[in-house]
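First comes the structure, then the notes that go with it.
Numbering (the working numbering), first residue to last: 1083 to 1686.
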């Protein structure tokens, strides 16, 4: 707009010169074709700007998706490496270090990508702020120029009242100035629309910035969790290595003990052979036989003491079995509680789905009403009244939605707490199960040791019985006496020990069956827990959809409010133009009346 030359011409004009004559050709008062062309050009420029912004946003989104795809591929590679290492079971400290270094590099890539996105967003924000400042400066300049031109026009009007001959020229120039003022007002409206668009873009940028911050926090939490999980895995592998070393040490110790026992058995066999030779050659030595009988009685006393210790061990095993049974009952009760909680969660999910369907139906009804009101041919006042009613209903509906959203967020928080509690319980169940398995393993080892001890004792008893039988035969040959009563007592003791061994074996089989049942129940609980996690993810997705629906409804409300504000601004501008036109008509009528009077006077 060339406003400054016109203002300078109005300032430098010599209005009091009677010889002044205007040679310029005035511009057209209303050129509709030019106006239509300008409007088309402005609309196309707006479309170009919107398309450029969409292109920039789409390119940013494509870059973000590519970065996300790279990150997902990196995570899949790390997971495959971990699975391969777990299958091979040949992981060492170096492999763990390589895995940790790869994950650190992946997290550094994530941080660099997010930092680049933040830098781009800040650059865009600064560009938008600079454009807004430039627009504000241009608006201020235009306002100053309009004020200056108004002052000049007022001066010209005063001069026109004094000089009747220059009225026609001044009317022409006033019309031109009015056209210029209209163009300036249109420019002001365009600049105001640009500023509103820039503000909206800045708000969207802020929302994206907050979203990026939330993603950063999530990535940091994921990194911390992965780091803690890896530390736990390293600790477990260290404990497994320590246990394997202990087992190797126990195996070596048992091998040494076996070698010692074999050496002792060989020595005893040699002694027995020597004794046989000695008894064959020395049958008449009764003193030696009595000493051997005394030694056999001492060994029997030691065996009785060992039998007492075995009985005490059996009592301890019985108490351990009772404690394991109570722990099994408690685990079953806790599993039933977890199942009831799972059923309650299913019912809440069904209710939430029904509520989402109702909300979607209500949203469709509002959109239908909006389209009906926009398509129907009503007056402006009727449309405004209907829009106001719709806005009131929408505000009430939004208040209800906010109240429901608060309730849903509270319930979601409670459900998350319940899930955390269930996870803690599951971890405790796994720890208890591992402890029970360790106890069972220890009991198996104890039972095997007891079986070995019993076998050794039986071998010693058989050996001593054989020695006793030989000695008794020799004594019977010497003395002619019989000791069948002692043999019967020893047989009864052996039978009692065999019966106790069978009972312990039966109890051991029962414990193994109970452990199998517990493992099956744990598998079922794990499946239920996995399904709970899936349901929780579905709920989170539905909550996200609900949040998106709320944000979209808020954006629609903002758009409606902005349209209403624009409509009110247009209405005010139209009223101002009407008043201005009325004033011009009034002034023109006064001027025409004065001219007619002058003509009448001249004719007279």
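Even for Gly, the Cβ is constructed at its ideal location relative to N, Cα and C. From a predicted model like this one, the values you see are computed outputs, not experimental measurements.
Between the CA atoms of residue j and residue i - distance to the nearest angstrom
{"i": "residue 1489", "j": "residue 1271", "result": "44 Å"}
{"i": "residue 1419", "j": "residue 1497", "result": "15 Å"}
{"i": "residue 1104", "j": "residue 1675", "result": "In this prediction, residue 1104 has a pLDDT of 38, which is less than 50 and means its spatial position is unreliable; nothing more can be read from the coordinates."}
{"i": "residue 1206", "j": "residue 1213", "result": "11 Å"}
{"i": "residue 1555", "j": "residue 1549", "result": "10 Å"}
{"i": "residue 1474", "j": "residue 1184", "result": "56 Å"}
{"i": "residue 1425", "j": "residue 1599", "result": "23 Å"}
{"i": "residue 1394", "j": "residue 1311", "result": "44 Å"}
{"i": "residue 1629", "j": "residue 1514", "result": "41 Å"}
{"i": "residue 1332", "j": "residue 1324", "result": "12 Å"}
{"i": "residue 1506", "j": "residue 1587", "result": "36 Å"}
{"i": "residue 1318", "j": "residue 1517", "result": "15 Å"}
{"i": "residue 1619", "j": "residue 1613", "result": "10 Å"}
{"i": "residue 1485", "j": "residue 1479", "result": "10 Å"}
{"i": "residue 1500", "j": "residue 1156", "result": "33 Å"}
{"i": "residue 1412", "j": "residue 1590", "result": "21 Å"}
{"i": "residue 1604", "j": "residue 1415", "result": "13 Å"}
{"i": "residue 1380", "j": "residue 1352", "result": "22 Å"}
{"i": "residue 1632", "j": "residue 1216", "result": "35 Å"}
{"i": "residue 1202", "j": "residue 1145", "result": "12 Å"}
{"i": "residue 1196", "j": "residue 1444", "result": "39 Å"}
{"i": "residue 1279", "j": "residue 1668", "result": "40 Å"}
{"i": "residue 1110", "j": "residue 1261", "result": "Any answer about residue 1110 is weak, because its pLDDT of 37 lies below 50 and its placement is not dependable; what the coordinates show is given next. Computed Cα separation, rounded: 9 Å."}
{"i": "residue 1390", "j": "residue 1512", "result": "37 Å"}
{"i": "residue 1136", "j": "residue 1423", "result": "47 Å"}
{"i": "residue 1094", "j": "residue 1677", "result": "Low local confidence applies: a pLDDT of 43 at residue 1094 is under 50, so the model's placement there is unreliable, with the coordinate-based value given in what follows. Straight-line Cα distance between these residues: approximately 28 Å."}
{"i": "residue 1233", "j": "residue 1226", "result": "11 Å"}
{"i": "residue 1194", "j": "residue 1622", "result": "28 Å"}
{"i": "residue 1130", "j": "residue 1188", "result": "39 Å"}
{"i": "residue 1571", "j": "residue 1547", "result": "12 Å"}
{"i": "residue 1521", "j": "residue 1602", "result": "19 Å"}
{"i": "residue 1584", "j": "residue 1524", "result": "19 Å"}
{"i": "residue 1384", "j": "residue 1328", "result": "32 Å"}
{"i": "residue 1540", "j": "residue 1397", "result": "21 Å"}
{"i": "residue 1341", "j": "residue 1544", "result": "22 Å"}
{"i": "residue 1687", "j": "residue 1597", "result": "Shown here, the chain extends from 1083 to 1686; a query on residue 1687 therefore has no answer."}
{"i": "residue 1162", "j": "residue 1335", "result": "40 Å"}
Residue i - DSSP class collapsed to helix/strand/coil
{"i": "residue 1676", "result": "helix"}
is_contact[residue i, chain D] using C-beta, thresh 9 Å
{"i": "residue 1206", "result": "Considering every chain present, this structure includes no chain D. It has just one protein chain."}
(request) Kindly confirm or deny that the stretch 1577 to 1594 and the stretch 1526 to 1539 touch, where touching means at least three C-beta pairs closer than 8 Å. (result) When C-beta atoms of the stretch 1577 to 1594 are compared with those of the stretch 1526 to 1539, three or more pairs fall below 8 Å, so the two segments count as touching.
(message) Pairs of beta-carbons, one from the stretch 1526 to 1533 and one from the stretch 1634 to 1644, closer than 8 Å: are there three or more?
(response) With the cut-off at 8 Å, the stretch 1526 to 1533 and the stretch 1634 to 1644 do not touch.
(message) As an exercise, report each continuous alpha helix (DSSP H) stretch of at least 4 residues that is fully enclosed by the stretch 1540 to 1610, in chain order.
(response) You should have found no qualifying run.
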